[in-house]
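Quick notes on the structure that follows.
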Amino acid sequence: MIKVFTTREDFTNYKFGLAHDSIGIIPTMGNLHLGHLSLLKQSLADNTVSVITIFVNPKQFGPNEDFDKYPRTLDEDLAKISNLALHSDLSSNDKKEIIVFAPRNNDEIYPTGFNTIISVKQLTQKLEGKFRPDHFDGVTTVVYRLFKIIGAKNAYFGQKDFQQCIVIKKMIFDLELDIKLNILPIVRNTEGLALSSRNQFLTTEERMAALHLSKTLKQIEMLIKNKEDYKPIIANELNNNKWDYLEVLNAENLEEPNQQTSKLVVIGAFKLGVIRLLDNILVQTV
Ligand code: PAF
6 MIKVFTTRED
16 FTNYKFGLAH
26 DSIGIIPTMG
36 NLHLGHLSLL
46 KQSLADNTVS
56 VITIFVNPKQ
66 FGPNEDFDKY
76 PRTLDEDLAK
86 ISNLALHSDL
96 SSNDKKEIIV
106 FAPRNNDEIY
116 PTGFNTIISV
126 KQLTQKLEGK
136 FRPDHFDGVT
146 TVVYRLFKII
156 GAKNAYFGQK
166 DFQQCIVIKK
176 MIFDLELDIK
186 LNILPIVRNT
196 EGLALSSRNQ
206 FLTTEERMAA
216 LHLSKTLKQI
226 EMLIKNKEDY
236 KPIIANELNN
246 NKWDYLEVLN
256 AENLEEPNQQ
266 TSKLVVIGAF
276 KLGVIRLLDN
286 ILVQTV
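Numbering (this note's numbering), first residue to last: 6 to 291.
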């Protein structure tokens, strides 16, 4: 069964009496694709109540970014969620519920006078943080608000925004939030392009050129697995000004790796016209 709430008050009334450990949250900005739906599916498997939030958060967009153009497709999103509900065993299991929390305006998340920022330091200064100052402060602030409002035990995020996941993991740790972070694998199209709401803005040529991102990450992954030097490839790639960054880091904390590091992330941001595409691959070294 699917219920849609557009106000905090209505959601809070519904939530009254629900056990914290029965709720999963999937925070999104809508324009859902198969990546988001994979998070919802996992939440359905793990929780009695799965709350997918749909809110285009103004605080995480810089002044010259695409907040106004960000696709708002609530009707299509609801259709996709209903379709998933129909094709999962939800209909045969009355106890499982999908809730869509789509705040009707910003006040539902940030009431008048709201003046607090949740800011994770250091981790947010590198990679995306260098190119999108204040972006992660906007993300952690809204995610904290959503965690608070929804009161879930499990949270589901996609690995595609890997730095976002690590920043949220740190926020959960530092603030001792009673929520478990579940990071689910990237969903790709048949050619290997990581699914993203912004892919729809790529021209046919850009879509082809975009494959260079995942192919390069894959090439570096192979070198790491074969214990070969990947640094010359990175240096060579960075001569191409399409890359904002391309790095191999410790996947636990985004620090420089050393001999003891057992899990690496190969992570990059690639520019195609006005679109920036993010991608990453996790590599276990031992
Ligand atoms: O990943 C996203 O879509 C957003 O950054 C999130 C986590 C929903 C916060 O607005």
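Ideal Cβ positions, reconstructed from N, Cα and C, are used throughout, including at glycine.
Regarding residue i and ligand 1, is the C-beta to nearest heavy atom distance less than 6 angstroms?
i, result
"M34", "yes"
"N62", "yes"
"D166", "yes"
"V144", "yes"
"V147", "yes"
Does DSSP put residue i in a helix, a strand or coil?
i, result
"E210", "helix"
"Y235", "coil"
"E252", "strand"
"Q289", "strand"
"G273", "strand"
"S93", "coil"
"P32", "strand"
"Y149", "helix"
"Y19", "helix"
"R193", "strand"
"D284", "strand"
"S202", "helix"
"S55", "strand"
"A24", "coil"
"I184", "coil"
"F292", "Coverage of the chain is limited to positions 6 through 291, which leaves residue 292 absent and any answer about it impossible."
Apart from the five residues just before and just after residue i, which ones in its own chain have a Cβ nearer than 7 angstroms to its Cβ?
i, result
"N18", "none"
"P190", "Q164"
"K100", "T53"
"Q65", "H140, G143, V144 and V147"
"T308", "Outside the displayed range of the chain (6 to 291) lies residue 308, so it cannot be described from this structure."
"K276", "K247 and D249"
Assuming residue i contacts residue j (C-beta within less than 8 angstroms), just tell me the rounded distance between them.
i, j, result
"E102", "V54", "5 angstroms"
"I225", "I28", "Contact flag wrong, Cβ pair sits at about 39 angstroms."
"T145", "V172", "6 angstroms"
"H38", "L282", "No, H38 and L282 are not in contact; Cβ-Cβ is about 14 angstroms, not under 8 angstroms."
For residue i, which residues of its own chain have a beta-carbon under 6 angstroms away from its beta-carbon, when the five flanking residues on both sides are left out?
i, result
"D268", "What sits at residue 268 in the sequence shown is Lys, not Asp. Same-chain partners within the cutoff: A256 and Q289."
"F136", "D249"
"Y149", "I123"
"P108", "F60 and I114"
"N36", "P76, T78 and S202"
"F106", "F10, F16, V56 and T58"
"T266", "N255"
"A274", "D249, Y250, R281 and L283"
So is residue i buried or exposed if we call it buried at 16+ other beta carbons inside 10 Å?
i, result
"E260", "exposed"
"D292", "Past the edges of the chain, shown from 6 to 291, lies residue 292, and the structure says nothing about it."
"G22", "exposed"
"A24", "exposed"
"E133", "buried"
"P237", "exposed"
"K20", "buried"
"M227", "exposed"
"Q205", "exposed"
"M213", "exposed"
"S48", "buried"
"A157", "buried"
Sorted by chain position, which residues of the same chain lie with C-beta nearer than 8 angstroms to residue i's C-beta, five sequence neighbours on each side aside?
i, result
"H41", "I31, T33, I57 and G163"
"N111", "P63"
"V270", "F167, V253, L254, N255, A256, L259, N285, I286, L287 and V288"
"K220", "G197"
"K223", "G197 and I286"
"P138", "G67"
"K46", "L89 and S93"
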